[in-house]
Amino acid sequence: MSRTLDLNIKHLTRVEGHGNIVVNVKDGRLERCELEIVEAPRFFEAMLKGRSFHETAIITSRICGICSLGHQITSLKATEEALGLEVSEQTVLLRKLLIDGATLQSNILHTYFLAAPDFFGTTDAFKLIPTNKDVVLRALRMKRLANDIGDIVSGRAVHPITPVPGGFTKLPSESELRAIRQRLIDEGRPDMEATVDTIASVLDAVPDFTRETEYISLSHSDEYAFYDGDIFSSDTGATEVSNYRDMTNEFVVPHSTSKHCKHARESYMVGALARWNNNHTRLSEQALRVAQRLSLKPNCYNPFMNTVAQVVECYHCIEDSIAIIDTLLERGIKDEKPNQQPTRYGRGVGATEVPRGILYHEYEYDRKGNIVSADCVIPTGQNLANIDHDMKKLVPEIIDQPKEMIAKQLEMLVRAYDPCISCSVHVLNVQFIGD
Amino acid sequence: MKSAQTTPEKPKIAFFDFTSCEGCQLNKLNLENELLDILQHVELVEFREAMDGKADFYDIAFIEGSLSTPTCINRIHDIRRRSNILVALGACASIGGINSMKNLQPIETVRETVYGDEKYRFPTLPAMPVSAVVKVDYEIRGCPMSIPEFLHVLKALLMGKTPSKPDAAVCVECKLRENECLYDRGIVCLGPITLGGCEAICPSFGQFCTGCRGLVPNPNKNAMVDILTQNGLSLEEARKRFLLFNSYNAEGKSIT
Chain S
1 MSRTLDLNIK
11 HLTRVEGHGN
21 IVVNVKDGRL
31 ERCELEIVEA
41 PRFFEAMLKG
51 RSFHETAIIT
61 SRICGICSLG
71 HQITSLKATE
81 EALGLEVSEQ
91 TVLLRKLLID
101 GATLQSNILH
111 TYFLAAPDFF
121 GTTDAFKLIP
131 TNKDVVLRAL
141 RMKRLANDIG
151 DIVSGRAVHP
161 ITPVPGGFTK
171 LPSESELRAI
181 RQRLIDEGRP
191 DMEATVDTIA
201 SVLDAVPDFT
211 RETEYISLSH
221 SDEYAFYDGD
231 IFSSDTGATE
241 VSNYRDMTNE
251 FVVPHSTSKH
261 CKHARESYMV
271 GALARWNNNH
281 TRLSEQALRV
291 AQRLSLKPNC
301 YNPFMNTVAQ
311 VVECYHCIED
321 SIAIIDTLLE
331 RGIKDEKPNQ
341 QPTRYGRGVG
351 ATEVPRGILY
361 HEYEYDRKGN
371 IVSADCVIPT
381 GQNLANIDHD
391 MKKLVPEIID
401 QPKEMIAKQL
411 EMLVRAYDPC
421 ISCSVHVLNV
431 QFIGD
Chain L
1001 MKSAQTTPEK
1011 PKIAFFDFTS
1021 CEGCQLNKLN
1031 LENELLDILQ
1041 HVELVEFREA
1051 MDGKADFYDI
1061 AFIEGSLSTP
1071 TCINRIHDIR
1081 RRSNILVALG
1091 ACASIGGINS
1101 MKNLQPIETV
1111 RETVYGDEKY
1121 RFPTLPAMPV
1131 SAVVKVDYEI
1141 RGCPMSIPEF
1151 LHVLKALLMG
1161 KTPSKPDAAV
1171 CVECKLRENE
1181 CLYDRGIVCL
1191 GPITLGGCEA
1201 ICPSFGQFCT
1211 GCRGLVPNPN
1221 KNAMVDILTQ
1231 NGLSLEEARK
1241 RFLLFNSYNA
1251 EGKSIT
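First to last, the sequence lines map onto chains S and L. All the letters of the first sequence, read from the start, carry residue numbers 1 to 435 under this note's numbering. All the letters of the second sequence, read from the start, carry residue numbers 1001 to 1256 under this note's numbering.
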């Protein structure tokens, strides 16, 4: 096969942020195949320097609207670690509930609005209204339910208000929690079952492609890790969160305003599929049943199945939310004030599983509680090298197909990672003095 | 006054994102209960975050994000040329927002800190609101933009009316909601000088106002200084806090 092919897909649609796919094949030889990241850099590091610990999470939540809750919680954990602020069990439970809500919202948004149009062979979810109105309405209802968890617990789902260092500025009432619990049961579960039916009906549209890679996520012995745990690599095992730089090894590449990462191999994957491969035994029973129905098996090396892993997680988030609310109601909501009296000043790392994968924030504070230096490593940045390597394997396998089909499959591949390009480029990153 | 109804068919609406977190765009997908109703009255022709399509002309173009690269400048001129009405969405597009904090430091320093030796690979300019480069017909303030305000502006424009603009301070809206004043708890809140329209959402949830909607017209700066002094709080802290979202606006640097 001595085909020559030039593909340049500018400003890829249905992803968060600006990226181009560039492929050059000359006389059957793959010369170039990469995801260019052209998002405008925002220089968050410069913004954070000298800022009070009361303002850090307000700023870092603005790295990304879609991932604002994840950035906020990770930021608070890093600040609390650096300043020695203990938080209550109630705070941890409410944060876990917020993460369940945000993960459900983001996974539903990606599955229905960003990925599903490819499975249904259309350009956007709005085009499905005439033919599949029930599906669109269901997607909107599920998003609303997930966002309502955020609205009740954090004041608003985009750029949450109440989570601050040491706790919450306002707590949800028991009646609000009871009401949302009832909706999770009455709406959430049946809509989830219907979602599984919908996805099962389009599984044939998921391309058959595999490339085994290194999978990295948080991992916890007692739970499906989102809020807490050690870093776990499918190649090298567990390590403490404070060693995150040994895992990420960021480097600048010419075709991307976002840095790339690698660890044990040339690239690694983070996100729902990595979590599934590393932690599937700790999913709820219902989620495991759904995984079986959707042919998601451990270990899965098909990156296109990331969307299916997200659907499985949605069920887990619904069940976990109900369980957390039950615990909160059993104990009763205690009127606690945030603990904001630092017991030390120094460095702290926070790591959380956000919808797109493991997110790290690290800060150093001076004795006034102001930021000296900061570093964030974003899931999409960690996935970029892996996406490039997937494309390099995929293109030769499909090179005989028409150009449009190749383009479509490459777009689907990038979308399957649910990339958040704003996040990946809006990294704040500074070399610590003495490093 | 400009009307969105220049064509007999449904008005063509488009959303564009510049340097931002895309949270304002996401907030529109969060209009779950109203989204389908809105779509009956408009033709959504561009919304890259959610769809593939492109168009040549827009009755209403909504712009999210601030302008911070040479490419942004060319793109906004092109969009303005093809738009009847242009609306700035959210703090980044209307006042520069959080991006403009980088303007407080020399641009060379900012570049070097993030990209080191590769600093000239990615061109960057000081972050600007859209109105610094092209004419903006309407603004929807806030970080993120408020959903009720967006619906209010959209409905007015679709009916060919001029949307009313908020003009009272956040403090006024906060008093109407009978919240406990954050100054009584010793917290620096920017409510007295910040433009309302958000229904004082942050103070209502026990958090200080961050000034994300910019200055109220004719802010009473002396009163703000008095409140700070009476409560033993630092002017410097208030000034610094104001710069979170208002670094583009030179006025912000002289509130105290």
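Every residue gets a Cβ at the ideal spot worked out from N, C-alpha and C, and that includes glycine. No experiment lies behind these values; they were computed from the predicted model shown.
Within chain L, partners of residue i - CB distance below 8 Å
i: Gly332 of chain S; result: Within chain L, no residue comes near Gly332 of chain S; the closest Cβ sits about 20 Å away, beyond 8 Å.
i: Ile129 of chain S; result: Leu1036, Leu1039
i: Thr169 of chain S; result: Phe1205, Gly1206, Gln1207
i: Ala157 of chain S; result: Asn1030
8 Å Cβ cutoff met for residue i and residue j
i: Gly271 of chain S; j: Asp100 of chain S; result: no
i: Cys1174 of chain L; j: Leu1089 of chain L; result: no
i: Thr307 of chain S; j: Thr111 of chain S; result: yes
i: Cys160 of chain S; j: Ser61 of chain S; result: Note that residue 160 of chain S corresponds to Pro in the displayed sequence, not to Cys. Taking 8 Å as the Cβ cut-off, Pro160 of chain S and Ser61 of chain S qualify as a contacting pair.
i: Val1172 of chain L; j: Cys1209 of chain L; result: no
i: Phe1047 of chain L; j: Phe1018 of chain L; result: no
i: Asp320 of chain S; j: Ser284 of chain S; result: yes
i: Val414 of chain S; j: Ile387 of chain S; result: yes
i: Val136 of chain S; j: Ala125 of chain S; result: yes
i: Asn1246 of chain L; j: Ile1095 of chain L; result: yes
i: Met1022 of chain L; j: Glu1064 of chain L; result: In the sequence as displayed, the identity of residue 1022 of chain L is Glu instead of Met. Yes; because the gap between Cβ atoms is below 8 Å, this pair is in contact.
i: Met247 of chain S; j: Leu273 of chain S; result: no
i: Glu240 of chain S; j: Arg282 of chain S; result: no
i: Glu81 of chain S; j: Val349 of chain S; result: yes
i: Leu184 of chain S; j: Ile21 of chain S; result: no
Euclidean distance between Cα positions of residue i and residue j
i: Leu7 of chain S; j: Leu384 of chain S; result: 19 Å
i: Val427 of chain S; j: Ile358 of chain S; result: Caution applies to Val427 of chain S, whose pLDDT of 41 falls short of 50 and renders its modelled position unreliable; the value that the coordinates give is listed next. Approximately 14 Å, taken between the alpha carbons.
i: Ile9 of chain S; j: Met391 of chain S; result: 14 Å
i: Gly237 of chain S; j: Ile73 of chain S; result: 25 Å
i: Asp326 of chain S; j: Arg144 of chain S; result: 21 Å
i: Asn24 of chain S; j: Glu266 of chain S; result: 21 Å
i: Ser68 of chain S; j: Lys1221 of chain L; result: 32 Å
i: Leu1067 of chain L; j: Lys1161 of chain L; result: 28 Å
i: Phe1062 of chain L; j: His71 of chain S; result: 26 Å
i: Arg293 of chain S; j: Asn299 of chain S; result: 16 Å
i: Gly19 of chain S; j: Cys1198 of chain L; result: 33 Å
i: His313 of chain S; j: Ala287 of chain S; result: Reading the sequence as shown, one finds Glu at residue 313 of chain S and not His. Looking at the two C-alpha atoms, the distance is approximately 7 Å.
i: Tyr244 of chain S; j: Ile231 of chain S; result: 8 Å
i: Arg51 of chain S; j: Ser373 of chain S; result: 10 Å
i: Ser233 of chain S; j: Cys1212 of chain L; result: 41 Å
i: Met1001 of chain L; j: Asp1137 of chain L; result: Caution is warranted here: a pLDDT of 44 is assigned to Met1001 of chain L, below 50, making its placement in the model unreliable, and the coordinate value is therefore given only provisionally. Distance between the alpha carbons of Met1001 of chain L and Asp1137 of chain L: 10 Å.
i: Thr79 of chain S; j: Asp1226 of chain L; result: 32 Å
i: Gln105 of chain S; j: Ile324 of chain S; result: 17 Å
i: Thr1109 of chain L; j: Phe43 of chain S; result: 10 Å
i: Arg181 of chain S; j: Arg3 of chain S; result: 57 Å
Under 9 Å from the C-beta of residue i: neighbouring residues of chain S
i: Asn1074 of chain L; result: Those do not exist, as Asn1074 of chain L stays about 13 Å from chain S at its closest Cβ, beyond 9 Å.
i: Leu1244 of chain L; result: Met47, Arg51, Glu55, Ile58, Ile59
Residues that residue i contacts on chain S, provided the C-beta gap is smaller than 8 Å
i: Glu1032 of chain L; result: Leu140, Arg141, Lys143, Arg144, Asn147
i: Cys1035 of chain L; result: At residue 1035 of chain L the sequence reads Leu, which differs from the Cys that was named. Within 8 Å Cβ-Cβ: Leu140.
Contact set between residue i and chain S, taken where Cβ atoms lie within less than 7 Å
i: Val1110 of chain L; result: Phe43, Ala46
i: Lys1161 of chain L; result: Here the premise fails: no neighbours, minimum Cβ distance about 26 Å.
i: Lys1102 of chain L; result: Phe43, Ala46, Met47
Proximal residues of chain L, C-beta to C-beta of residue i below 7 Å
i: Thr162 of chain S; result: Phe1205, Gly1206, Gln1207
Below-8 Å beta-carbon distance, residue i vs any chain B residue
i: Gln1105 of chain L; result: No chain B appears in the structure shown, which is made up of the protein chains S and L.
#### Entry: Interfacial residues, the segment 1007-1029 of chain L to chain S, with Cβ spacing under 9 Å
Asp1017, Phe1018, Thr1019, Ser1020, Cys1021, Glu1022, Gly1023, Cys1024, Gln1025, Leu1026, Asn1027, Leu1029
### Query
Taking a cut of 7 Å between CB atoms, which residues from the segment 1126-1150 of chain L lie near chain S?
Cys1143, Pro1144
### Query
Are at least three pairs of beta-carbons, each pair with one atom in the segment 1165-1182 of chain L and one in the segment 1200-1212 of chain L, less than 8 Å apart?
Contact check between the segment 1165-1182 of chain L and the segment 1200-1212 of chain L: three or more CB pairs, one atom from each, fall below 8 Å, which counts as touching.
### Task
Check whether the segment 211-222 of chain S touches the segment 168-175 of chain S, taking contact to mean three or more Cβ pairs, one atom from each stretch, closer than 8 Å.
no
### Task
Report the residues of the segment 1083-1100 of chain L with a CB closer than 7 Å to any CB of chain S, ordered along the chain.
Ile1098, Asn1099
#### Entry: Proximal residues, the segment 376-401 of chain S versus chain L, C-beta separation under 8 Å
none
### Task
Mind checking the segment 45-68 of chain S against chain L and listing, in chain order, the residues whose C-beta falls within less than 7 Å of any C-beta there?
Glu45, Ala46, Met47, Glu55, Ile58, Ile59, Arg62, Ile63, Cys64, Gly65, Ile66, Ser68
### Message
Closer than 8 Å between beta carbons: that is the criterion. Which residues of the segment 1173-1202 of chain L meet it against chain S?
### Response
Ile1201, Cys1202
### Query
What are the residues of the segment 83-108 of chain S that lie near chain L, defined by any Cβ-Cβ distance shorter than 8 Å?
none
### Query
In the segment 135-152 of chain S, which residues sit with their C-beta less than 8 Å from some C-beta in chain L, listed in chain order?
The segment 135-152 of chain S vs chain L, Cβ under 8 Å: Val136, Leu137, Leu140, Arg141, Lys143, Arg144, Asn147.
#### Entry: Segment contact flag, the segment 336-343 of chain S with the segment 81-93 of chain S, C-beta cutoff 8 Å, min 3 pairs
Contact between the segment 336-343 of chain S and the segment 81-93 of chain S is established, with three or more Cβ pairs separated by less than 8 Å.
### Query
Between the segment 1203-1227 of chain L and chain S, which residues of the former have CB atoms less than 7 Å from a CB of the latter, in chain order?
Phe1205, Gly1206, Gln1207, Thr1210
### Task
Could you say if the segment 1138-1153 of chain L and the segment 1089-1106 of chain L meet the contact criterion of at least three C-beta pairs nearer than 8 Å?
yes
### Message
Assess contact between the segment 1181-1191 of chain L and the segment 1227-1244 of chain L, defined as three or more Cβ pairs (one per stretch) separated by less than 8 Å. Is contact present?
### Response
yes
### Message
If contact is defined by three or more beta carbon pairs under 8 Å, each pair taking one atom from either stretch, is the segment 1071-1082 of chain L in contact with the segment 1033-1044 of chain L?
### Response
no
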